[in-house]
Amino acid sequence: MRNLFLLMTAAVLWLSSCTGRKVQDLSDVKSVEDFRGHSVAVPMGSSYDLMLSEIDGIEVVRLGLGELLVAVEKGRADFCIQDQYLMKILDLESRGLTSLFDNILPGTAAAGFRKQDSVLCSQFNAYLRDKMASGEYDRWKENWLSATDSMASVSFGIPVHGNDPDKRSLKVGVTNIYPYIYLNEEGITGLEVDLFNRFCFSAGYQVEYEVNEFTALIPALNSGKIDVILSHMRKTEERAKQVLFSDSYIEGGGAAVCRDWNNQDRKNRPGLGKRLKESFNDNLVVEQRWKLMVDGLWETLSISLFSIIAAILMGILFCRLHMSGRNVVSKSAGTLIGLLRGIPLLIILMIMFYVVFASSGITGTWVTVMSFGFYYGAYFSEVFRTGMESIDKGQWEAGFALGLGKFQTFHKVVLPQALNRIIPVLKGEVIALIKMTSVVGYVAVIDLTKASDIIRSRTFDAFFPLILVSVIYILLSWLVGMGLDAIDRKLTPKSRQS
Amino acid sequence: MIKVRHLKKVFKTPGGDELAVLKDINCDIEKGEVISIIGPSGTGKSTFLRCLNRLEEPTSGVIEVDGMDILDRKTDISLVRRRMGMVFQNFNLFEHLTILDNVTLCPMTLLGKSREEAEQKGMELLGNVGLHEKAGCLPRELSGGQKQRAAIARCLAMEPDIILFDEPTSALDPTMVSEVLGVIRHLASRGMTMCIVSHEMQFVRDVSTRILFLNDGIVYEEGTPEQIFDNPQKPVTKAFINRIRTLECRFEDKRFDLYGLFGKIHTFCSKYGLGIKTLEKIQHITEEMLCGIMPFRGPVTLLMEYSEKTSRLCMTFIEDNAKKGILDGVDEDSLSLMLVRGMSASLTEPQNGVVSIEV
Numbered sequence: 001m002r003n004l005f006l007l008m009t010a011a012v013l014w015l016s017s018c019t020g021r022k023v024q025d026l027s028d029v030k031s032v033e034d035f036r037g038h039s040v041a042v043p044m045g046s047s048y049d050l051m052l053s054e055i056d057g058i059e060v061v062r063l064g065l066g067e068l069l070v071a072v073e074k075g076r077a078d079f080c081i082q083d084q085y086l087m088k089i090l091d092l093e094s095r096g097l098t099s100l101f102d103n104i105l106p107g108t109a110a111a112g113f114r115k116q117d118s119v120l121c122s123q124f125n126a127y128l129r130d131k132m133a134s135g136e137y138d139r140w141k142e143n144w145l146s147a148t149d150s151m152a153s154v155s156f157g158i159p160v161h162g163n164d165p166d167k168r169s170l171k172v173g174v175t176n177i178y179p180y181i182y183l184n185e186e187g188i189t190g191l192e193v194d195l196f197n198r199f200c201f202s203a204g205y206q207v208e209y210e211v212n213e214f215t216a217l218i219p220a221l222n223s224g225k226i227d228v229i230l231s232h233m234r235k236t237e238e239r240a241k242q243v244l245f246s247d248s249y250i251e252g253g254g255a256a257v258c259r260d261w262n263n264q265d266r267k268n269r270p271g272l273g274k275r276l277k278e279s280f281n282d283n284l285v286v287e288q289r290w291k292l293m294v295d296g297l298w299e300t301l302s303i304s305l306f307s308i309i310a311a312i313l314m315g316i317l318f319c320r321l322h323m324s325g326r327n328v329v330s331k332s333a334g335t336l337i338g339l340l341r342g343i344p345l346l347i348i349l350m351i352m353f354y355v356v357f358a359s360s361g362i363t364g365t366w367v368t369v370m371s372f373g374f375y376y377g378a379y380f381s382e383v384f385r386t387g388m389e390s391i392d393k394g395q396w397e398a399g400f401a402l403g404l405g406k407f408q409t410f411h412k413v414v415l416p417q418a419l420n421r422i423i424p425v426l427k428g429e430v431i432a433l434i435k436m437t438s439v440v441g442y443v444a445v446i447d448l449t450k451a452s453d454i455i456r457s458r459t460f461d462a463f464f465p466l467i468l469v470s471v472i473y474i475l476l477s478w479l480v481g482m483g484l485d486a487i488d489r490k491l492t493p494k495s496r497q498s
Numbered sequence: 001m002i003k004v005r006h007l008k009k010v011f012k013t014p015g016g017d018e019l020a021v022l023k024d025i026n027c028d029i030e031k032g033e034v035i036s037i038i039g040p041s042g043t044g045k046s047t048f049l050r051c052l053n054r055l056e057e058p059t060s061g062v063i064e065v066d067g068m069d070i071l072d073r074k075t076d077i078s079l080v081r082r083r084m085g086m087v088f089q090n091f092n093l094f095e096h097l098t099i100l101d102n103v104t105l106c107p108m109t110l111l112g113k114s115r116e117e118a119e120q121k122g123m124e125l126l127g128n129v130g131l132h133e134k135a136g137c138l139p140r141e142l143s144g145g146q147k148q149r150a151a152i153a154r155c156l157a158m159e160p161d162i163i164l165f166d167e168p169t170s171a172l173d174p175t176m177v178s179e180v181l182g183v184i185r186h187l188a189s190r191g192m193t194m195c196i197v198s199h200e201m202q203f204v205r206d207v208s209t210r211i212l213f214l215n216d217g218i219v220y221e222e223g224t225p226e227q228i229f230d231n232p233q234k235p236v237t238k239a240f241i242n243r244i245r246t247l248e249c250r251f252e253d254k255r256f257d258l259y260g261l262f263g264k265i266h267t268f269c270s271k272y273g274l275g276i277k278t279l280e281k282i283q284h285i286t287e288e289m290l291c292g293i294m295p296f297r298g299p300v301t302l303l304m305e306y307s308e309k310t311s312r313l314c315m316t317f318i319e320d321n322a323k324k325g326i327l328d329g330v331d332e333d334s335l336s337l338m339l340v341r342g343m344s345a346s347l348t349e350p351q352n353g354v355v356s357i358e359v
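Protein chains in written order, with the working numbering: chain A, 1 to 498; chain B, 1 to 359.
And the structure:
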């Protein structure tokens, strides 16, 4: 066991040190046209993505924001494009990376509102113009964009909102884009958040932030899940069709980043122990990021627990219907189970969140519990059904013949035997369910996986958060497996022969 | 105690056809009687038994238990079942419970007995069936005979007025049959009312007060063991009691497949343990009769009947639409007839066109 673990760790380390194709002469690369023949990592769904996709000969690698630098560092892509301000703040050199040129696809970013919310939008614009004219906005911008990593938690005295129920509450969908929007120990912060908080304070709105995938923001806005998008969103013609943009308040473009092939002197690289210690510090200690992990773990635990309960209840219901004597009922239940099992869980989750419960106030957590309840209910019901059907008809008959009623026979005779066969199979399904909760990031829930994503988007470190999260999931599955095994052992009949 | 009138049970086959297993059953069971139900397989003996406590839902008819119509929707069948024990062919012990728990479960759940009370009674009953030492075992640790005895004890724990035995020894090894039959005999001697479906003829004869012979969905013949076993009145009962096995073949004309017929005769003989000498005799007689003596004025049927009980073998050759006797047209001194006479115990023609040969 121990050897296996060491072997696996070694394999991961080896894979993680794979190197990419060497770019012959860095000085030759002066524009995006020069990316031809190379792979370039870009944020999925970003304007860079659209631009590069139109140039022949470039292999576009679409990733999440947190993965871009790591991809280049580990050789998964030759270049990446990231916000130029961010690249100035980060210490690229220590990662063996270098920034080649700036101002790729210069453009402007703004807050996005719903089309019919033009009043809110013009209110925001008026506030923005006022602050720009007075020069206050430039000061804030200067502060946030020149902050270095260590200054990330500098407080600029963001006004605190009172809890006034009369005020309209604005739901703001955000993604992690340091330094514009990000999470630290105080919650959601960053330049755009700072600006919006000040606006809301002066205009008398309450504000509520919801972290989501970048690609999910516009659908969430249109379905009414959120009122505002604050995600360093570039104004493009295509987006403008769906989103009402405010005046722009950030200009800029992307910086091309590449491995610093001229300076690959790794001798100065600290040893593994030290690097692990640094990783630990960066990923968990700084900004009390462990709190994010703990909150994520708590969310994963509660979602798992409620989902398991929901799935068991749905499973019993489906099983009952499927085993019904009425042909119509049993056939329809069978079809429903087939449908639910035929759709990927993530799609069910998205449909539930963005279509079925779009305009209701139900949070992502409960939508998740419901979706998981339905989806795994379908799986559980089949486990229950095979468990029930594996019990010989004679057991029912013996119960009936002795005068036990239907429920008594089920409860005293059939169920204990069926559970004994169901639990070992159910164990696998339950563990699968727990691991599957890692997709809830798509519906704005910050679970363990999402928490690690958020941390990665700040630290640009792939190894530590991923391994840590894996270990936590393994422990969880192991504990749950042990628990179910214990129940199973308790239910296994024991001979009392002395 | 139990009154059955015009009981009918129709099963739907998967093909959608209807199969009437019980057509019109009428019978009465009085207290203290031991009724055995016998009959050829597939005549609905088990179905009848299972209708009595409504494990099978009868299609129509009346079943009254102590004057109460148990087919009435308003009747709480569970209450009736508490007083009617049932012993199954496959024991159906509760696999997750020890033998003692099997016996005490229902008294505790249904009769409101305390655990001590139920266990005390349970141990006593297990002792009666010889399973005192096995009380803490799980059913899977027991032999078939032990399981069935435990099932009987479980039944008795409910203190039933009647016990229905559904082929209690059919699933048992021959070596274990007698231990179960012993327990049932003991119950009979103590005056327990019982209704038994069984293929153990000697046992049925010894233990029953009355026998119902079921055939083709009705009570075909009914009587005391002596009446049924020693002097059955109706042909199917006779055939069944004497365990008569038959082989019937039909030939359109003289050009029939003789060797195919020999094959069938061979199979018949080996199936019922007839020796090689008998086989040869039958083959010779068949050949002489069909190829020599029978005139084949019309199609001929050969019916072979063998009683396993009396070991008597009878061959009958029947000619369709015979106007004249078969033997009348045969020369008494012909070689074929002399051969057949020599090989058979008797050869007669009771009516024209029917030649009966005892081998």
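Cβ atoms here follow ideal geometry from the backbone N, Cα and C, with glycine treated the same way.
With 16 other Cβ atoms within 10 Å as the buried cut-off, status of residue i
i: B:Ser344; result: buried
i: A:Arg458; result: buried
i: A:Ser470; result: exposed
i: A:Trp144; result: buried
i: B:Leu360; result: Limits of chain B in this structure are 1 at one end and 359 at the other, which puts residue 360 of chain B out of reach.
i: A:Ser150; result: Any answer about A:Ser150 is weak, because its pLDDT of 41 lies below 50 and its placement is not dependable; what the coordinates show is given next. When all chains shown are included, A:Ser150 counts as exposed.
i: B:Ser270; result: exposed
i: A:Gly377; result: buried
i: A:Tyr48; result: buried
i: B:Tyr259; result: exposed
Under 8 Å by beta carbon: chain A residues contacting residue i
i: B:His186; result: Result: empty, since nearest Cβ-Cβ is about 21 Å, beyond 8 Å.
i: B:Leu303; result: Residues of chain A passing the Cβ test: none, with the nearest at roughly 41 Å.
Chain-ordered chain B contacts of residue i [CB-CB under 8 Å]
i: A:Asn420; result: His96
Nearest-angstrom Cα separation, counted from residue j out to residue i
i: A:Lys141; j: A:Asp247; result: 16 Å
i: B:Leu290; j: B:Val359; result: 16 Å
i: A:Phe574; j: A:Arg320; result: There is no way to answer for residue 574 of chain A, as the model of chain A reaches only from 1 to 498.
i: A:Ile104; j: A:Val42; result: 12 Å
i: B:Asp331; j: B:Ala239; result: 35 Å
i: A:Glu237; j: A:Arg114; result: 15 Å
i: A:Ser381; j: A:Asn197; result: 48 Å
i: B:Leu337; j: B:Pro225; result: 43 Å
i: B:Leu313; j: A:Glu397; result: 44 Å
Min CB distance residue i to chain B below 8 Å
i: A:Leu433; result: no
i: A:Glu389; result: no
i: A:Cys18; result: Interpretation of A:Cys18 is limited by its pLDDT of 46, a score under 50 that renders its predicted location unreliable; the figure taken from the coordinates is listed afterwards. Judged by the 8 Å Cβ criterion, A:Cys18 is not in contact with chain B.
i: A:Pro416; result: yes
i: A:Ala486; result: no
i: A:Leu325; result: It is Gly, not Leu, that sits at residue 325 of chain A in the sequence shown. Judged by the 8 Å Cβ criterion, A:Gly325 is not in contact with chain B.
i: A:Ala398; result: yes
i: A:Gly408; result: Correcting the residue identity first, residue 408 of chain A is Gln in this sequence and not Gly. Yes, contact with chain B.
i: A:Gln395; result: yes
Chain A within 8 Å of residue i, Cβ atoms only
i: B:Ser143; result: no
i: B:Phe88; result: yes
i: B:Asn128; result: no
i: B:Leu49; result: no
i: B:Ser78; result: yes
i: B:Arg5; result: no
i: B:Arg82; result: yes
Neighbour list for residue i in chain A, Cβ cutoff strictly below 9 Å
i: B:Met158; result: Leu402, Gly403
i: B:Asn53; result: Phe400, Ala401
Per-residue contacts from residue i into chain B (C-beta, under 7 Å)
i: A:Lys412; result: Leu105, Thr109
Bridge-paired residues (DSSP) for residue i
i: B:Glu358; result: B:Cys314, B:Ser346
i: B:Met84; result: B:Ile162
Listed by chain order, chain A residues near residue i by CB distance under 7 Å
i: B:Asn92; result: Gly394, Gln395, Glu397, Ala398
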